[in-house]
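In what follows, a single structure is set out as structure tokens and then discussed.
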Amino acid sequence: MNLLIYLMLSFSCEIIYFQIAKKFNIIDKPNQRSSHTLITIRGGGVVFSAMLLIWYLQNQDFSYFIIGLMAISLISLWDDVSTLSNNKRIVVHVISVCLLLMDAKLSLKWYAYPAVFICIVGMINVYNFMDGINGLTALYSLINMVSLYWVNEYQALYIKSSIFLPVIASLIVFSFFNVRKVAKCFAGDVGSVSMAFIVSIFLINLICVTNSLLWGIFLGVYGIDSLFTICCRLLRKENIFQAHRSHFYQFLVNELGWKHVTVSSLYAGIQFLLNIIVVISYWKNLPFLAILGLFVILIIYIIFRLHLEGKHRLFAKY
1435 MNLLIYLMLS
1445 FSCEIIYFQI
1455 AKKFNIIDKP
1465 NQRSSHTLIT
1475 IRGGGVVFSA
1485 MLLIWYLQNQ
1495 DFSYFIIGLM
1505 AISLISLWDD
1515 VSTLSNNKRI
1525 VVHVISVCLL
1535 LMDAKLSLKW
1545 YAYPAVFICI
1555 VGMINVYNFM
1565 DGINGLTALY
1575 SLINMVSLYW
1585 VNEYQALYIK
1595 SSIFLPVIAS
1605 LIVFSFFNVR
1615 KVAKCFAGDV
1625 GSVSMAFIVS
1635 IFLINLICVT
1645 NSLLWGIFLG
1655 VYGIDSLFTI
1665 CCRLLRKENI
1675 FQAHRSHFYQ
1685 FLVNELGWKH
1695 VTVSSLYAGI
1705 QFLLNIIVVI
1715 SYWKNLPFLA
1725 ILGLFVILII
1735 YIIFRLHLEG
1745 KHRLFAKY
């Protein structure tokens, strides 16, 4: 199937899901941690895994990964419908990540697998935490998927090219409903978690095929915001596992009144710039260039955040 067919299927899937969500009241009600004020359909990101399932039925490839994706998507959708205990989620997440690793192009010593496992789980959580405003998951993921597709086509073939079509198509359609002032739907846990899961196997395969960790910088912006926020919360002696609204993007939207789409576009745009630097760095065999680019973004981020939020807000309990 081509991109147009996947776009049509994705659009149909979303429309059908909207009707189901309305019937079963799968909605997101604003609370004190929310960055939105209107009741909105939750779980629109179900289209990501749905399209990959359709792709699998045609291609019969990456079976373990698809099984893991379906498992982690279903438990996340269940969590969107009715809040689950952490134990149930953790069990399914562990099994799903193990299935992903069975399909990844890894050739490591046994003791290296726990580190990779922790990185994947960490990335899933980061993606989930960063899914807090309209357009962020959609635009950020779309930028990375297009970048990963370009690398696969023109620099290093690390995965079947056709697998990008359903992912990119579903992201375009989801963006149509989500990247706007008043979103028609949110990705939900099913969307953010499944997208992180998908990005994980792409990045792992790319890193293994090229034998370069530079591609991890494709998640540089999310990583910087998440790690800096965690450090600030630790200094404030907060429980980093509890829900919060301490990320910089949340401050820009909730406290400074920036538009959701503006902030999301800023994050995606900076990541796109980093991706270009990484691609050039790998092509020219200049790894320090990508590291320098990430370091510069980090310094600018810290200076900008300190200037806008202030030391007291960042490091004192509030």
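Heads up: take any position in the sequence shown, counting from 1, add 1434, and you land on my numbering.
The beta-carbon is built from N, C-alpha and C at its ideal position, and this holds for glycine as well.
Item                                                                                                     : Value
Assigned exposure category for ASN1586 - 16 Cβ within 10 Å defines buried                                : buried
Sequence ranges, alpha helix (DSSP H) only - wholly within the segment 1633–1710, length at least 4      : 1654–1669, 1682–1688
Host alpha helix (DSSP H) of SER1507 (start-end)                                                         : 1497–1515
Spatially closest choice to ILE1454 from PHE1482, GLY1477, VAL1607, MET1442, by CA coordinates           : GLY1477
Span separating the alpha-carbon of PRO1600 from that of SER1507                                         : 16 Å
Cα-Cα separation, SER1604 to GLY1479                                                                     : 8 Å
Contact under 9 Å by Cβ, GLY1569 with ALA1617                                                            : yes
Beta-bridge pairing of ILE1475 - partner residues as DSSP gives them                                     : ILE1461, CYS1619
Cα-Cα separation between ILE1500 and GLN1676, rounded to whole angstroms                                 : 30 Å
Identity of the residue in TYR1545, VAL1555, SER1516 nearest VAL1526 by Cα                               : VAL1555
Whole-angstrom distance between ALA1538 and VAL1643, CA atom to CA atom                                  : 10 Å
Contained alpha helix (DSSP H) runs [length at least 4] in the segment 1558–1588, N- to C-terminal order : 1570–1588
For LYS1539, the three-state DSSP class (helix, strand or coil)                                          : coil
Counted within 10 angstroms of its Cβ, other Cβ atoms place MET1442 as buried (16 or more) or exposed    : exposed
C-beta contact flag for ASN1493 and LYS1594 at 9 Å                                                       : yes
Given 8 Å, three or more beta-carbon pairs between the segment 1629–1645 and the segment 1676–1685       : no
Three-state secondary structure (DSSP) of SER1596                                                        : helix
Own chain residues within Cβ distance below 7 Å of ASP1495, not counting five before or after            : LYS1594
ASN1612, DSSP secondary structure in three states                                                        : helix
Status (buried if at least 16 other CB within 10 Å, exposed otherwise) for LEU1728                       : buried
Among PHE1662, SER1483, LEU1640, nearest to PHE1652 - alpha-carbon criterion                             : LEU1640
As assigned by DSSP and simplified to three states, the class of LYS1718                                 : coil
Pick from ARG1667, MET1435, LEU1723 that is closest to MET1485, judged by C-alpha positions              : MET1435
Reduced DSSP category for GLY1727 - H, G, I as helix; E, B as strand; rest coil                          : helix
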